[in-house]
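In what follows, a structure is listed as structure tokens, so that the remarks can point back to it.
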Amino acid sequence: MADTNQQRAVTAAFASLPPLWEHFTRENLDRLEQIKTEASTDKNDLPPELRFLVPPETPTGQYSMFEQGIEQLYPDPVTDPEQDTPKPSPPLNHAYYFLKISKSLLLNFLEFVGILSVSPEQFESKVEDMRNLFINAHHFLNLYRPHQARESLIMMLEEQLARSKEEINRMEMFKADIEITLNQLEAEGKQIGSAAQTEGVC
């Protein structure tokens, strides 16, 4: 019987609920409220079935969601309210920011080499600066992804159009050859017919 229940649990379409939900009953909630009103009891002193009812303490540390805490070294693209896609503002000079990030990487690398030669234990801050620059360069390059996608699509469509034109030209050549052949056959047929009529008259 135990093997059957285990097999059902393994082959179930959805995962089973954690067993702690069974302790969230009205009786346990009332017991917990009664214990709280009687005296301040530590969570570890509570019965096992009541410990799950006490929420954990709010974390005091820092955490980040949907980002890595990287400082952006170039301005954000300006969003046009009449368009769905963000449009870079005219002052955003991509070549300028690429050159700026590249020079900063070179300078930070030289400073990193200098730090390693003097006090190697202080390398972490410079490595973090270089990491920030590399991530900014990577994200800045990704701004060209839509442009690259459009150019790739244009190239694919141009190749497809060239293949279609080539096929049409070949079909036109075949059509011309067939018309020439048919005209030759028609001329030969007329000649044979004329020769047959001439022989019949004679």
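In numbering that gives the first Met the number 0, the protein residues as written are 0 to 201. Glycine included, each C-beta is placed from N, C-alpha and C at the ideal position.
- Asparagine 135 is classed as buried because its beta carbon has at least 16 other beta carbons within 10 Å across all chains shown.
- In the three-state reduction of the DSSP assignment, leucine 181 falls in the helix class, which pools H, G and I.
- A distance below 7 Å separates the beta carbons of phenylalanine 122 and isoleucine 114.
- Bounds of the alpha helix (DSSP H) holding aspartate 128 are 123-141.
- Rounded to whole angstroms, the Cβ separation of tyrosine 73 and phenylalanine 139 is 6 Å, and the two are in contact under 8 Å.
- Of the candidates Glu32, Asn141 and Ile69, Glu32 places its Cα closest to the Cα of leucine 45.
- Shown here, asparagine 92 sits in coil according to DSSP, grouped into three states, outside any helix or strand.
- In the structure shown, phenylalanine 13 adopts coil according to DSSP, grouped into three states.
- Residue state for aspartate 75 is assigned as coil, using DSSP reduced to three classes.
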